[in-house]
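Add 174 to a position in the sequence shown, counting from 1, and you land on the number used in the numbering used here.
Every residue, glycine too, gets a C-beta built ideally from N, C-alpha and C.
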Amino acid sequence: MRRFFCAAFLLAALPAQADPLALTLPQGAAISAERSQAATSYGLPIGPWRADTMARSALEGARSDTAWRLRGNQQTTLQILAPLRDQIAAAGYILMYQCETDACGGFDFRYALDLIPEPEMHVDLGDFRYLAAQNGNDWIALTVSRSSESGFVHLTTMTAEDATPVTPGNDLAAPQPSPEPESPAADLAKALEHAGKVALDDLVFASGASQLAEGDFASLTALADYLATRPEARIALVGHTDNSGALAANIALSRDRAAAVRKRLIEKLGVPAGQLSAEGAGWLSPRSSNLTPEGRDKNRRVEAVLASTPR
């Protein structure tokens, strides 16, 4: 079995220091992303999301996050989690909380976890597991999920310690980098899985035409990245227009624009054709008033609608 050592499982701040914990992940697991902070604050979840709140342990100290992808792994989330949980317990950690999907609090709980974003760490909102554990001043949070083709593991570790800055002038007091903002793919994933749709507002079409302008569009790249980690997902691209002109003509134009977006995603960004469909709604679903130029601009759009995520 291949062993992966998480550097953030450091010595606990106890009189007798513990040995670093070595986790053995399933065969073929590979680190997809890592990040670390020398001193930060985090409310590590130790209870379910209920009534817009949850129990947290307020921690300050060194934090590290690591995400793994288990390509081709067909184990269930429980089968992935159970041996890792056993290793954590054997290393002296006390289990503080564990849950599965809806019992955790579903969507709200998942987005309270502050995980490395998609596509490096994928969380299926209908199938994930979480546990939190403590060993002295060392805390861990483990999240496990999967897509139809791969398993995903995310480990957050924190060593609670004095966060007082080093005295200025000390050569060791180098500034620490700020946490990276979430990726466009992560923002798009949140919008899709929370609201069920997202407008691709950076797309450019010639006036009254269905041809999509040349160039790269961040929204299409983000959508392609999202679908790469969700091969089971199906997206309906739905075109919309303002209310200028007859309904039939506008439905045809909006459908043609959606089809142009679908073609770009397939031919330029490698999205499988089976994950995309193209529809047109014309001016039947405005998101703003058609009485102003600004409102009409907002109504002319293509939206990505999460059609289904069969498991």
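Option in the options with minimal Cα separation from residue i
i           : options               : result
residue 480 : 249, 449, 320 and 219 : 449
residue 406 : 300, 393, 249 and 208 : 300
residue 226 : 323, 390 and 279      : 279
residue 213 : 275, 332 and 419      : 332
residue 456 : 473, 462 and 468      : 473
residue 248 : 322, 224 and 273      : 322
Residue i versus residue j: straight-line alpha-carbon distance, rounded
i           : j           : result
residue 401 : residue 445 : 7 Å
residue 235 : residue 312 : 10 Å
residue 365 : residue 374 : 11 Å
residue 268 : residue 297 : 25 Å
residue 411 : residue 231 : 42 Å
residue 191 : residue 334 : With a pLDDT of only 40 at residue 191, under 50, the local geometry of the prediction cannot be trusted, and the value read off the model is given with reservation. Each residue's Cα considered, the two are about 14 Å apart.
Any C-beta of chain B under 8 Å from that of residue i
i           : result
residue 436 : Here chain B cannot be found, since the structure has a single protein chain.
Cβ separation of residue i and residue j, assumed to be a contact under 8 Å, to the nearest whole Å
i           : j           : result
residue 330 : residue 237 : 7 Å
residue 287 : residue 259 : Wrong, their Cβ atoms sit about 17 Å apart, outside the cutoff.
residue 216 : residue 233 : 5 Å
residue 379 : residue 431 : 6 Å
residue 386 : residue 435 : 6 Å
residue 465 : residue 394 : Incorrect: roughly 31 Å between the Cβ atoms, too far for contact.
residue 362 : residue 396 : 4 Å
residue 207 : residue 270 : That belief does not hold up - the Cβ atoms of residue 207 and residue 270 are roughly 25 Å apart, past 8 Å.
For residue i, the residue or residues it bridges with in DSSP
i           : result
residue 318 : 303 and 327
residue 224 : 227
residue 411 : 452 and 478
residue 233 : 216
Residue i, DSSP secondary structure in three states
i           : result
residue 245 : strand
residue 181 : Bear in mind that the predicted position of residue 181 carries a pLDDT of just 34, short of 50, making it unreliable; the figure below should be weighed with that in mind. Coil.
residue 198 : strand
residue 405 : coil
residue 391 : coil
residue 465 : coil
residue 441 : helix
residue 272 : strand
residue 489 : Residue 489 cannot be examined here, being either before or after the span of the chain that is shown, 175 to 485.
residue 427 : helix
residue 386 : strand
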